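Take a look at the structure set out below.
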Amino acid sequence: MVIRKLRIRLPLSLVVITLFTAIVASLHLMSSATQSSPQLGSMYSLLVLINSVGSILLLTLVVVNVYGLLRQLARRAAGSHLTARMAFLFVLLSLAPASIVFYYSMQFLKQSIDSWFDVRIDQAMEDALELGRAAIDERMRTMLHQTEQAAAKLQLAPIMEYPLRLTELRDELGEGEFTVFSRQGRIIAAGGSQLGFILPDLPDTGVLLRVKHGKSFIRLEPNPDGNLQIRAVVAIPSDDPLFLQAVFPVPLRISQLASTVEAAYVHYKELGFLRSSLKHTFILTLSLVLLLSLLAAIWVAFVSIRRIVAPVRRLAQGTRAVAEGRYGQRLVVRAKDELGFLVESFNTMTEKLAQASEEARLSRLEVERQRAYLETVLSNLSSGVLSFDKESRLLTANHAVDEILHVPAHDYLGLPLSRLKTDHPYLTETLERIERWLEKGTGNWEGEMSFVGPSGRRELYCHGTLLFNGNGDKLGAVVVFEDVTALILAQRQAAWSEVARRLAHEIKNPLTPIQLSAERLHHKLASRLDERDAEILDRSTRTIVHQVEALKAMVNAFAEYARSSTIQLRRVALAEIVEEVVALYPPQSGMSFEIDEEPSLPRISGDPLQLRQVLHNLIKNSQEALTPSTQGKMCFILRKTVDQGEAFVQLTVRDNGPGIPKEQADRIFEPYVTTKTKGTGLGLAIVKKIIEEHGGTIRVENGLRQGAGFIIRFPVPETDLGAEANGGNSGGKS
Amino acid sequence: MNRFAGWLALFGLLAPLAGWNAEPGFTVRRAELFQHEDRSWGLDADIDYHFNETAVEAMQNGVPLTLVLRLRVKRARPWWWDETVISENHRRTIRYHPLARAYQLTAAESGVTENFATLRALLEELGRIRNLPVRAPRPFDSGDYHAALSVTLDIESLPLPLRPTAYLSPQWHLNSPWYRWSFAN
Numbered sequence: 001m002v003i004r005k006l007r008i009r010l011p012l013s014l015v016v017i018t019l020f021t022a023i024v025a026s027l028h029l030m031s032s033a034t035q036s037s038p039q040l041g042s043m044y045s046l047l048v049l050i051n052s053v054g055s056i057l058l059l060t061l062v063v064v065n066v067y068g069l070l071r072q073l074a075r076r077a078a079g080s081h082l083t084a085r086m087a088f089l090f091v092l093l094s095l096a097p098a099s100i101v102f103y104y105s106m107q108f109l110k111q112s113i114d115s116w117f118d119v120r121i122d123q124a125m126e127d128a129l130e131l132g133r134a135a136i137d138e139r140m141r142t143m144l145h146q147t148e149q150a151a152a153k154l155q156l157a158p159i160m161e162y163p164l165r166l167t168e169l170r171d172e173l174g175e176g177e178f179t180v181f182s183r184q185g186r187i188i189a190a191g192g193s194q195l196g197f198i199l200p201d202l203p204d205t206g207v208l209l210r211v212k213h214g215k216s217f218i219r220l221e222p223n224p225d226g227n228l229q230i231r232a233v234v235a236i237p238s239d240d241p242l243f244l245q246a247v248f249p250v251p252l253r254i255s256q257l258a259s260t261v262e263a264a265y266v267h268y269k270e271l272g273f274l275r276s277s278l279k280h281t282f283i284l285t286l287s288l289v290l291l292l293s294l295l296a297a298i299w300v301a302f303v304s305i306r307r308i309v310a311p312v313r314r315l316a317q318g319t320r321a322v323a324e325g326r327y328g329q330r331l332v333v334r335a336k337d338e339l340g341f342l343v344e345s346f347n348t349m350t351e352k353l354a355q356a357s358e359e360a361r362l363s364r365l366e367v368e369r370q371r372a373y374l375e376t377v378l379s380n381l382s383s384g385v386l387s388f389d390k391e392s393r394l395l396t397a398n399h400a401v402d403e404i405l406h407v408p409a410h411d412y413l414g415l416p417l418s419r420l421k422t423d424h425p426y427l428t429e430t431l432e433r434i435e436r437w438l439e440k441g442t443g444n445w446e447g448e449m450s451f452v453g454p455s456g457r458r459e460l461y462c463h464g465t466l467l468f469n470g471n472g473d474k475l476g477a478v479v480v481f482e483d484v485t486a487l488i489l490a491q492r493q494a495a496w497s498e499v500a501r502r503l504a505h506e507i508k509n510p511l512t513p514i515q516l517s518a519e520r521l522h523h524k525l526a527s528r529l530d531e532r533d534a535e536i537l538d539r540s541t542r543t544i545v546h547q548v549e550a551l552k553a554m555v556n557a558f559a560e561y562a563r564s565s566t567i568q569l570r571r572v573a574l575a576e577i578v579e580e581v582v583a584l585y586p587p588q589s590g591m592s593f594e595i596d597e598e599p600s601l602p603r604i605s606g607d608p609l610q611l612r613q614v615l616h617n618l619i620k621n622s623q624e625a626l627t628p629s630t631q632g633k634m635c636f637i638l639r640k641t642v643d644q645g646e647a648f649v650q651l652t653v654r655d656n657g658p659g660i661p662k663e664q665a666d667r668i669f670e671p672y673v674t675t676k677t678k679g680t681g682l683g684l685a686i687v688k689k690i691i692e693e694h695g696g697t698i699r700v701e702n703g704l705r706q707g708a709g710f711i712i713r714f715p716v717p718e719t720d721l722g723a724e725a726n727g728g729n730s731g732g733k734s
Numbered sequence: 001m002n003r004f005a006g007w008l009a010l011f012g013l014l015a016p017l018a019g020w021n022a023e024p025g026f027t028v029r030r031a032e033l034f035q036h037e038d039r040s041w042g043l044d045a046d047i048d049y050h051f052n053e054t055a056v057e058a059m060q061n062g063v064p065l066t067l068v069l070r071l072r073v074k075r076a077r078p079w080w081w082d083e084t085v086i087s088e089n090h091r092r093t094i095r096y097h098p099l100a101r102a103y104q105l106t107a108a109e110s111g112v113t114e115n116f117a118t119l120r121a122l123l124e125e126l127g128r129i130r131n132l133p134v135r136a137p138r139p140f141d142s143g144d145y146h147a148a149l150s151v152t153l154d155i156e157s158l159p160l161p162l163r164p165t166a167y168l169s170p171q172w173h174l175n176s177p178w179y180r181w182s183f184a185n
């Protein structure tokens, strides 16, 4: 990351051109310096340093790039493999030819430098120098001889004459410069052709030591002008020895030739000496050239590969994002080339993908919404709806199914109906009918069914529809059923009310004239008839009157049943009413009672008169059912119950009578459905009517071993729930 | 980047060490600055020169060797760094003449050449510096002075092909330690 931040955003071409220009210029200067250009010679070391530093910098850049690439590879970054492969190829492509060229250049360099040197040339050089030396040696011997002669002459002359003698000597020889000096180096006399010299230069002390021991000294030496001169030093024997020095110039032509030969010899010797260094220098220069060029090429390769791979990398990242479901990714189009086109196409693709996925999402939402709506509708439907697949397994069931059938239908989704049947035996008949239809049915089906569930008998009206797809293949079926128990009851009650009204109207009206007529007959004829006939008349009219009155009572009871209710509700304690009513039946009546009440029962909302009527009817019903010899026994149980969140006061009434046959249990509350010989057949119908007017329910208690049982429930008003204790009564038995 | 700088620094430290580790070929045994009556300055010094075989072989094969005599004089100043009063280099070139079988000593400043039959004679002469004129830019103020003298072989004056080798090889790092002395004016 740091490296990426440091990277300066310059046009790549500019950077590359600048870099290469700098490298080429530096290398050119260095190679020129290597070829002994005098101006650049002094810069050579600096140039080597600059190029070395440049190489190190480039090497660092390359290493940093390689390191970065390796890290990307380790992270499996997008495009890193492509970069690595391209970089490897590039390095290989640039390294291979460069190495070959380098190797052969080195070989060529070594061979060409070695070819400069030859044993014969070596020898020729030595010989040429020797020749020059020989040519001068001859002259030197002559000079030494002349100097020795001059010294001999000087020995004889007094010191005073030395300058004169020296001048003569000079004139005699025509050349040379003569100096006489003492052992301490003091100049005694001088003479010669030298003009510019103020002080003749004297030989070094080593020479003087040699001469002092009687040896003459002669030497060829270069003079400050670059020409050669011959120096001879000879001792002048005396008590205090003096020395004569003669310096003769070598003839110009010979001097020049000898110098040329010497210069060539020196140059050749130097070259020979520097042979290995020269090779090293050339190899160094060549290596630097190669290294710099290669490193620069590799670095530029890295930079350009990064640029080339950048869109590919972005594409890879974008693809990864799309694969992860992020369609919002938009890539920046930097180039107008094929890769740019690719990136643009990618952008278009992701855009379309994003649109498609958004549409899919919206339609999924819509489907969900509709499904939820449908489910809401279904669950709020009062009809039970069951759907089955073609294997007759339960697919869906709405809430009403649970209420109507009293089964947790949702637990049976995906299971065959037989399971439901096994777990809930009371549904066996109903479900078998549905199963039969599902298996064999070919079209729609309608039908009425009933079953006796936990809350009593239920009447269902079913409607089944088979489902087919477009090809006519069976997909499954839907069964809709409605609980019509209440409807059928209401219909029956309405019919009975109508009957009662008709009876009241059609029968009760003629009864009064019949009674009156019979009484009149008795009144008019009784006095005129004889005793026997009068008794017959009396008995007949009494019978008529009695029967008419009985008929009237029956019609009145019917009218009572049919009459629209006029109950006046108030808060009552049911237990108190039960106790009051029971108290009206003394033991002589042939009945004994038992009351089992729960303490702190809540009050209910009811009309005490009507409630007493209910209790009277129930007791009467029990009395009438008893065989004459049996002692009647009734049991009233008062409990508070809660069913499906609703609070009830439940009154269970049991007797020890013959009980209710099972087949009549469902219809015992309808008028004139009775098992007794006595009574109007309206008692229980009225009971049920009153209870329902109070919002309560009554049903026959099943499973009793002896006698009949009724379970009556009155709802507890919500306001009384908190004040249950008020309506309570201390429990007891009477 | 820091690591790289570290390596570079280490390299820079080690490179001169190669030269220091070599047995010093030259030694300044004595040096003295003195003032003439005309208030100009002169240098007297005794220096031992011991060339190794590599240098002698190069010289006998025609490679001229250049020696640089470096003189530094500083005036001590309180509360401030020392003031450089004199910073002079004197160059001497030794060359072998195969024809004359002589060693030639050339002073670069004056161009004066001297010939010697043996290298030893040349080196003796070279090592015996007497009254070498020192150019002081201005008369010396009174105070304490620190002087230092050293002599070194100039690698940059060697032929070009020899230079890289010479820089890297301890054989060519011929220089004397600084000879330091103090005087008061």
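So the sequence lines, in the order shown, correspond to chains A and B.
1 is the number of the first residue of the first sequence in UniProt numbering; add one for each residue after it.
1 is the number of the first residue of the second sequence in UniProt numbering; add one for each residue after it.
Where is the CB? At the ideal position from N, CA and C, for every residue including glycine.
Just so you know, these numbers come straight off a predicted model, no measurement behind them.
Would you call residue i buried or exposed, if buried means 16 or more other Cβ atoms sit within 10 Å of its Cβ?
i: B/I86; result: buried
i: A/M160; result: exposed
i: A/W116; result: exposed
i: A/A258; result: buried
i: A/L487; result: exposed
i: A/N621; result: buried
For residue i, which residues in the same chain have their Cβ closer than 8 Å to its Cβ, ignoring the five residues on either side in sequence?
i: A/M106; result: I283 and L286
i: B/G19; result: At B/G19, the pLDDT of 41 sits below 50, so the modelled position is not reliable and the matter cannot be decided from this model.
i: A/M125; result: A264, Y265, Y268 and K269
Comparing the C-beta of residue i with each C-beta of chain A, is any distance below 8 Å?
i: B/Q35; result: no
i: B/R128; result: no
i: B/P159; result: yes
i: B/T152; result: no
i: B/W172; result: no
i: B/A121; result: yes
i: B/E125; result: yes
i: B/T165; result: yes
Excluding sequence positions up to five away, which residues of its chain have a Cβ less than 6 Å from the Cβ of residue i?
i: B/T106; result: T93 and T113
Run through chain B and tell me which residues come within less than 7 Å of residue i, C-beta to C-beta.
i: A/K269; result: N61 and G62
i: A/A235; result: The premise fails here: A/A235 is roughly 17 Å from chain B at the closest Cβ pair, so nothing lies under 7 Å.
Identify, in the order they occur along the chain, each residue of the same chain with its Cβ nearer than 7 Å to the Cβ of residue i, setting aside the five sequence neighbours on each side.
i: A/A559; result: A500 and A504
In chain B, which residues lie with their C-beta within 8 Å of the C-beta of residue i?
i: A/E262; result: H97, P98 and L99
In chain A, which residues lie with their C-beta within 9 Å of the C-beta of residue i?
i: B/A102; result: R219, L220, E221 and P222
i: residue 188 of chain B; result: For chain B, the structure presents residues 1 to 185; residue 188 of chain B sits outside this window and is missing.
Would you please verify whether the beta carbon of residue i is less than 8 Å from any beta carbon of chain B?
i: A/Y103; result: no
i: A/R326; result: no
i: A/H280; result: yes
i: A/R183; result: no
i: A/Y265; result: yes
i: A/A258; result: yes
i: A/R165; result: no
i: A/A246; result: no
Interface residues of chain A around residue i at Cβ under 8 Å?
i: B/E156; result: S42 and S45
i: B/F26; result: The premise fails here: B/F26 is roughly 21 Å from chain A at the closest Cβ pair, so nothing lies under 8 Å.
i: B/A117; result: D204, G206, V207 and R219
Cβ of residue i versus every heavy atom of the ligand PLP: is any distance shorter than 7 Å?
i: A/I691; result: Ligands are entirely absent from the displayed structure, and the ligand PLP is therefore not among its contents.
I want to verify the contact list: residues of chain A whose CB lies under 7 Å from the CB of residue i, in sequence order.
i: B/Y162; result: According to the sequence provided, residue 162 of chain B is Leu. The question's Tyr does not apply to it. Under the 7 Å cutoff, chain A gives L274 and S277.
Checklist line | Members of the segment 46 to 60 of chain B that neighbour chain A once the beta carbon cut-off is set at 9 Å | finding: E57, A58 and Q60
Notebook entry, point to check: Listed from N- to C-terminal order along the chain, which residues in the segment 122 to 143 of chain A have their beta-carbon within a distance smaller than 7 Å of any beta-carbon of chain B?
Noted result: L129, G132 and R133
Next item on the list: Check each residue of the segment 48 to 71 of chain A: if its Cβ is closer than 7 Å to any Cβ of chain B, include it; give the result in chain order.
Entry: V48 and T60
Notebook entry, point to check: If contact means a Cβ-Cβ distance below 8 Å, which residues of the segment 76 to 90 of chain B contact chain A?
Noted result: none
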